[in-house]
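Student:
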Amino acid sequence: MSRLVITLGSLFIVVGAALFAGPMYGFTSLAADRGVQVSTAAGEDAYVGIVPVDGDIESPSDEAEITTIQNNVGADITTLEADVTFSSGGSDLETTVPDRIAAGDTAAVTVSCVGQGGQPGTETTTVDLVITEASTDDVTVTDMVVQATLTYDCNPGNPGGGPPGGSPGNDVDIGWNERRDGDIDTGGSVSTGWNSAVDGSIDAGGDVTTGSSSDVNGDIIAGGDVTTRWNSSVDGNVDAAGDVSLGSSSAVGGDVTSDGTVTVGWNTEVGGDIDAGGDIIVNGGTVDGDIDADGDIVLRWGTTVQGDVHAGQDLTMRNGVVVEGELTADGTYTGP
Numbered sequence: 031m032s033r034l035v036i037t038l039g040s041l042f043i044v045v046g047a048a049l050f051a052g053p054m055y056g057f058t059s060l061a062a063d064r065g066v067q068v069s070t071a072a073g074e075d076a077y078v079g080i081v082p083v084d085g086d087i088e089s090p091s092d093e094a095e096i097t098t099i100q101n102n103v104g105a106d107i108t109t110l111e112a113d114v115t116f117s118s119g120g121s122d123l124e125t126t127v128p129d130r131i132a133a134g135d136t137a138a139v140t141v142s143c144v145g146q147g148g149q150p151g152t153e154t155t156t157v158d159l160v161i162t163e164a165s166t167d168d169v170t171v172t173d174m175v176v177q178a179t180l181t182y183d184c185n186p187g188n189p190g191g192g193p194p195g196g197s198p199g200n201d202v203d204i205g206w207n208e209r210r211d212g213d214i215d216t217g218g219s220v221s222t223g224w225n226s227a228v229d230g231s232i233d234a235g236g237d238v239t240t241g242s243s244s245d246v247n248g249d250i251i252a253g254g255d256v257t258t259r260w261n262s263s264v265d266g267n268v269d270a271a272g273d274v275s276l277g278s279s280s281a282v283g284g285d286v287t288s289d290g291t292v293t294v295g296w297n298t299e300v301g302g303d304i305d306a307g308g309d310i311i312v313n314g315g316t317v318d319g320d321i322d323a324d325g326d327i328v329l330r331w332g333t334t335v336q337g338d339v340h341a342g343q344d345l346t347m348r349n350g351v352v353v354e355g356e357l358t359a360d361g362t363y364t365g366p
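Quick note: the sequence shown uses the working numbering, first residue 31, plus one each step.
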């Protein structure tokens, strides 16, 4: 049997004296050994009928159909390839395309959330779907285009303002713009979203990560690492069994204590001392107290230290650094 190649478009069917017409998408042509030209109508009655579906994703665990595909070719579709684009929210969504459709059967293209993330609340996006190839052993249909509207909520947040429930070992996620009253005490890790606020302290057995422009109105104690993002603030102390990384333009009101390495971002302020079991690197921030590291200390341009600086190993100080107190190093000193 000759192999057919069909591309959807705006031509019509001519078979003998019969004429069939219908709405089209894309460009249509068919090549066969007998020279017969055939086009396909759009919709569920086409060779490969595709019908858009306006979907709704109500939660991160939900999924929605955006297109149904009807196999009218008379043989199993064994190759199905598609391109999907979203007008917005593409990084928060993923698409599942069936890889096989039996003759006469209908399958769906679905969209789901990539975990929990993105802007909080309900969003709407336009989905453009192109079936680039749908093939049986003898027929290939290409370039079928449909468009659907998808409403989704991949970040519904955590309703209520009280402390998180669950067992002490659970991870705690604070969503974008979410406000949490009281302390958070968990054996797991804690992460806070953009522009969020915790009106208390965080005590976590794992890592703690605060989102950009977020606030913690107490202390942070972590059994792992602590990472604060850009423009975030911690009113109290930061104490970590792992490393501490303070993002640019962030602030810590008290002391920073780490069993590992402490990195201070540009234009970041620490209101107390910094004490590290490893190295300390200050990239142009301000420290109102002393700096003491068991390892190396590196102070880069734009750094100001109001107190003393002591390195258990090497001390490197660049031009443009101001230290009001004493400089001491058990290793090598490099600087102006």
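C-beta atoms are modelled at their ideal positions from N, C-alpha and C, and glycine is treated no differently.
So the beta strand (DSSP E) residue 366 belongs to, where does it begin and stop?
Tutor: Here residue 366 refers to the residue found at position 336 when the sequence shown is read from its first residue. Careful: residue 366 lies outside any beta strand (DSSP E) and carries neither H nor E.
Student: Alpha carbon to alpha carbon, how far is residue 165 from residue 90?
Tutor: If you number the sequence shown from 1, residue 165 lands on position 135. If you number the sequence shown from 1, residue 90 lands on position 60. Roughly 33 Å separates the two Cα atoms.
Student: Return the bridge partner residues of residue 77 from the DSSP annotation.
Tutor: By 1-based counting over the sequence shown, the position of residue 77 is 47. In the DSSP output, where bridge partners are listed per residue, residue 77 has none listed.
Student: Quick check: the Cα distance between residue 210 and residue 227, rounded to an integer number of angstroms?
Tutor: For the purposes of this step, residue 210 is taken as residue 180 along the sequence shown, with counting starting at 1. For the purposes of this step, residue 227 is taken as residue 197 along the sequence shown, with counting starting at 1. Taking the straight line from one Cα to the other gives about 6 Å.
Student: How many angstroms separate the CA atom of residue 335 from the CA atom of residue 177?
Tutor: As a working note, residue 335 is residue 305 in the sequence shown. As a working note, residue 177 is residue 147 in the sequence shown. The alpha-carbon atoms of residue 335 and residue 177 are separated by roughly 59 Å.
Student: With the cut-off set at 8 Å, would you say residue 259 and residue 242 are in Cβ contact?
Tutor: Residue mapping note: residue 259 aligns to position 229 of the sequence shown, counting from 1. Residue mapping note: residue 242 aligns to position 212 of the sequence shown, counting from 1. Contact flag set, yes.
Student: I'd like the list of long-range same chain contacts for residue 312, defined as Cβ closer than 6 Å, with 5 residues on each side in sequence excluded.
Tutor: The residue you call residue 312 lines up with position 282 of the sequence shown. Within the same chain, residue 312 has close Cβ partners 294, 329 and 333.
Student: According to the neighbour-count rule (16 or more other Cβ atoms, all chains shown, within 10 Å of its Cβ), is residue 151 buried or exposed?
Tutor: As a working note, residue 151 is residue 121 in the sequence shown. Answer is exposed; the Cβ neighbour count stays below 16.
Student: At the level of alpha carbons, what is the spacing between residue 264 and residue 250?
Tutor: Working through the sequence shown from its first residue, we reach residue 264 at position 234. Working through the sequence shown from its first residue, we reach residue 250 at position 220. Cα-Cα distance, rounded: 8 Å.
Student: Output the residue ranges of the beta strand (DSSP E) runs that lie fully inside the region 146-176 and measure 3 residues or longer, sorted by chain position.
Tutor: 153-165 and 169-172, all fully within the region 146-176.
Student: Beta carbon of residue 183, beta carbon of residue 87: below 8 Å?
Tutor: Stepping through the sequence shown from its first residue, residue 183 is reached at position 153. Stepping through the sequence shown from its first residue, residue 87 is reached at position 57. Yes; because the gap between Cβ atoms is below 8 Å, this pair is in contact.
Student: With a Cβ-Cβ cutoff of 8 Å, do residue 350 and residue 337 count as a contact?
Tutor: By one-based count along the sequence shown, residue 350 stands at place 320. By one-based count along the sequence shown, residue 337 stands at place 307. Result no, Cβ atoms of residue 350 and residue 337 do not sit closer than 8 Å.
Student: Does the distance from the C-beta atom of residue 135 to that of residue 185 stay below 8 Å?
Tutor: Translated into positions along the sequence shown, residue 135 becomes position 105. Translated into positions along the sequence shown, residue 185 becomes position 155. It is not a contact, given that the beta carbons lie outside the stated cut-off.
Student: Can you name, in chain order, every residue of its own chain whose Cβ lies under 7 Å from the Cβ of residue 271, other than the five neighbours on each side?
Tutor: Residue mapping note: residue 271 aligns to position 241 of the sequence shown, counting from 1. The residues are 252, 253, 254 and 289.
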